[in-house]
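J.: This is the structure I have questions about; it appears just below.
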Amino acid sequence: MEIQKEQNGNALTIKVIGRLDAGSAPELSKELTTALDGVEDLTFDFAELKYIASAGLRVLLVAQKRMNKQGSMKLINVSEAVMEVLDMTGFASLMTIA
Amino acid sequence: MEKITVKAVLENLQTVIDFATEHLEARDCSMKVVMQTELVIAEVFVNIASYAYNPEIGPATFCMEFEENPSAVLMTFIDGGRPYDPLKQTDPDTTLDIDEREIGGLGIFLVKKNVDEISYEYADGKNILRMKKFF
Chain A
1 MEIQKEQNGN
11 ALTIKVIGRL
21 DAGSAPELSK
31 ELTTALDGVE
41 DLTFDFAELK
51 YIASAGLRVL
61 LVAQKRMNKQ
71 GSMKLINVSE
81 AVMEVLDMTG
91 FASLMTIA
Chain B
99 MEKITVKAVL
109 ENLQTVIDFA
119 TEHLEARDCS
129 MKVVMQTELV
139 IAEVFVNIAS
149 YAYNPEIGPA
159 TFCMEFEENP
169 SAVLMTFIDG
179 GRPYDPLKQT
189 DPDTTLDIDE
199 REIGGLGIFL
209 VKKNVDEISY
219 EYADGKNILR
229 MKKFF
């Protein structure tokens with residue numbers, strides 16, 4: 001997995017490339033701990049996210065809870081495969097998917 | 099039958115996924131089936147790596163067999179760790195709102211949702227999880 005960040009004032013876009021599973025989720029989680037400081041508008045760009053496993057969903061849930069307190073969060077460019085997982089787990093209704 | 103045995107540690111997840119993907123792609127499985135299977139493997143392997151032998155380290159074996167008419171892949175995970183039937187875990191309530199959602203229980207739920215048949219057996223001191231997926 002690779003993480004690309006683009007910050008624009010208090011808006012942050014995080015592009016996650018590859019697989020977001022238990023092997024890579026801790027890295028994203030660690031990254032978010034500090035990267036979200038002062039962010040009010042968070043976007044996850046999943047254009048190149050191959051799949052998301054439960055460990056990745058947990059990171060998204062934690063991020064969503066945090067952003068509910070300090071701003072907003074959305075997911076963009078969600079592939080069919082990733083969308084299926086979000087639907088199956090009910091995450092699609094907890095998050096803004098643009 | 100295709101078979102791989104690795105130390106059940108997180109660092110070997112990619113090795114097992116690559117092994118499976120290679121065999122699935124060789125049989126012209128769709129991208130969707132490959133991804134769903136990768137997800138299933140990731141969840142089961144991570145469970146074994148995290149809990150089966152903890153805090154020790156032990157082996158996990160992954161086997162694949164293919165059937166034709168209808169096309170299906172049979173996958174088996176075997177570990178010699180403590181007995182654990184993942185199918186006994188209750189499914190998470192996916193309708194709860196964000197503050198009530200629990201951070202666990204999603205892995206095996208996703209496994210069940212992405213295979214067509216699944217069964218667990220504890221035999222000869224081993225956990226054996228068998229799954230079948232049509233493609």
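For the record, the sequence lines run as chains A and B. When you line the first sequence up against my numbering, it's residues 1 to 98, in that order. When you line the second sequence up against my numbering, it's residues 99 to 233, in that order. Here a beta-carbon is modelled for each residue, glycine too, at the ideal position from N, C-alpha and C.
Alpha carbon to alpha carbon, how far is Gly178 of chain B from Glu219 of chain B? Give it in angstroms, no decimals.
T.: One-based indexing of the second sequence puts residue 219 of chain B at position 121. One-based indexing of the second sequence puts residue 178 of chain B at position 80. Each residue's Cα considered, the two are about 12 Å apart.
J.: Using a cut-off of 8 Å between C-beta atoms, extract the partners of Asn68 of chain A located in chain B.
T.: The residue given as residue 68 of chain A occupies position 68 in the first sequence. Residues of chain B passing the Cβ test: Ile196.
J.: Using the C-alpha atoms, what's the distance from Ala221 of chain B back to Ala47 of chain A?
T.: Counted from its first residue, the first sequence places residue 47 of chain A at position 47. Counted from its first residue, the second sequence places residue 221 of chain B at position 123. If you take the alpha carbons of Ala47 of chain A and Ala221 of chain B, they lie about 44 Å apart.
J.: Mind checking the stretch 141–173 of chain B against chain A and listing, in chain order, the residues whose C-beta falls within less than 7 Å of any C-beta there?
T.: Glu141, Val144
J.: Along the stretch 53–67 of chain A, where does the CB come closer than 8 Å to a CB of chain B? Name the residues.
T.: Ala53, Ser54, Ala55, Leu57, Arg58, Leu61, Val62, Gln64, Lys65
J.: Is the Cβ of Ala22 of chain A closer than 8 Å to any Cβ of chain B?
T.: Counting from one through the first sequence, the residue named residue 22 of chain A turns up at place 22. At least one chain B Cβ lies under 8 Å of Ala22 of chain A.
J.: Give the range of the beta strand (DSSP E) segment to which Phe232 of chain B is assigned.
T.: Start at 1 with the first residue of the second sequence, and residue 232 of chain B comes out as number 134. Here the beta strand (DSSP E) through Phe232 of chain B covers 224–232.
J.: Give the DSSP-derived three-state secondary structure of Gln7 of chain A in the structure shown.
T.: Taking the first sequence and counting its residues from 1, one reaches residue 7 of chain A at position 7. It is a strand residue.
J.: For my contact list, Leu208 of chain B and Glu141 of chain B are in at a C-beta cut-off of 8 Å; report their separation, rounded to the angstrom.
T.: Position 110 of the second sequence holds residue 208 of chain B. Position 43 of the second sequence holds residue 141 of chain B. Their Cβ separation, rounded to whole angstroms, is 6 Å, which keeps Leu208 of chain B and Glu141 of chain B in contact under 8 Å.
J.: What whole-angstrom Cβ distance do Tyr182 of chain B and Tyr149 of chain B have, given they're in contact under 8 Å?
T.: Locating residue 182 of chain B in the second sequence gives position 84, counting from the first residue. Locating residue 149 of chain B in the second sequence gives position 51, counting from the first residue. Yes, Tyr182 of chain B and Tyr149 of chain B are in contact; Cβ-Cβ is about 7 Å, under 8 Å.
J.: At 8 Å on the CB atoms, spell out the chain A contacts of Thr113 of chain B, in chain order.
T.: Numbered from its first residue, the second sequence carries residue 113 of chain B at position 15. Correct list: empty, because the minimum Cβ distance to chain A is about 11 Å.
J.: Pop quiz: Met1 of chain A and Ser29 of chain A are said to be a contact at Cβ under 8 Å. What is the actual Cβ separation, rounded to whole angstroms?
T.: The count along the first sequence starts at 1 and reaches residue 1 of chain A at position 1. The count along the first sequence starts at 1 and reaches residue 29 of chain A at position 29. That belief does not hold up - the Cβ atoms of Met1 of chain A and Ser29 of chain A are roughly 12 Å apart, past 8 Å.
J.: Work out the CA separation of Asn167 of chain B and Ile196 of chain B for me, nearest whole Å.
T.: Translated into the one-based positions of the second sequence, residue 196 of chain B becomes position 98. Translated into the one-based positions of the second sequence, residue 167 of chain B becomes position 69. One C-alpha to the other measures close to 43 Å.
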